[in-house]
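Engineer: Sending over a structure as structure tokens; questions will come in a sec.
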Amino acid sequence: MTSFSTPSPQIILKIVRKSDGNAMFMNIPENANHKVSFIKGHVKESFCKRKRFHLYYHHKHIRSWHHLRHYGITSKVHNIEIIVA
299 MTSFSTPSPQ
309 IILKIVRKSD
319 GNAMFMNIPE
329 NANHKVSFIK
339 GHVKESFCKR
349 KRFHLYYHHK
359 HIRSWHHLRH
369 YGITSKVHNI
379 EIIVA
């Protein structure tokens with residue numbers, strides 16, 4: 299008998315650029331335990347070419363060195379919107 303592993307719950311993020319309202323979506327496995335800097339790196343590569351920008355969640359600046367769970371960002375939370383400014 300083979301056993302199938304269950305997929306990790308996914309954190310679904312909507313990342314919105316404040317200047318023009320363009321949005322992108324990211325799916326991150328919850329058990330990967332990523333920091334905010336992981337998101338910032340992907341945003342910088344594909345979405346925002348500026349050298350400096352900030353990420354905001356619930357109108358609060360989120361810091362790169364914190365884990366996502368520090369801000370209450372888990373797979374149980376829906377409609378997670380992060381603003382790039």
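First residue of the sequence shown? That's 299 in the numbering used here, and the numbers climb one at a time after it.
Note that beta-carbon positions come from the ideal geometry of N, C-alpha and C, so glycine has one too.
Given the structure is predicted, the values throughout are model-derived calculations rather than measurements.
Does F323 come out as helix, strand or coil in the three-state DSSP assignment?
Structural biologist: To locate residue 323, count along the sequence shown from 1; it is residue 25. Strand, per DSSP.
Engineer: Any chance the segment 347 to 364 sits against the segment 318 to 331, with 3 or more Cβ pairs inside 8 Å?
Structural biologist: These segments do not touch.
Engineer: Where does K338 land, buried or exposed, given buried means 16+ other C-beta within 10 angstroms?
Structural biologist: For the purposes of this step, residue 338 is taken as residue 40 along the sequence shown, with counting starting at 1. Taking all protein chains in view, the Cβ of K338 is crowded by 16 or more other Cβ atoms within 10 Å, so the residue is classified as buried.
Engineer: Cβ atoms of I310 and I360: under 8 Å apart, would you say?
Structural biologist: As a position in the sequence shown, residue 360 is number 62, starting the count at 1. As a position in the sequence shown, residue 310 is number 12, starting the count at 1. No, Cβ-Cβ distance for I360 and I310 is not below 8 Å.
Engineer: Tell me whether the beta-carbon of F345 lies closer than 8 Å to the beta-carbon of R367.
Structural biologist: Counting from one through the sequence shown, the residue named residue 345 turns up at place 47. Counting from one through the sequence shown, the residue named residue 367 turns up at place 69. In this structure, R367 does not lie closer than 8 Å to F345 by Cβ.
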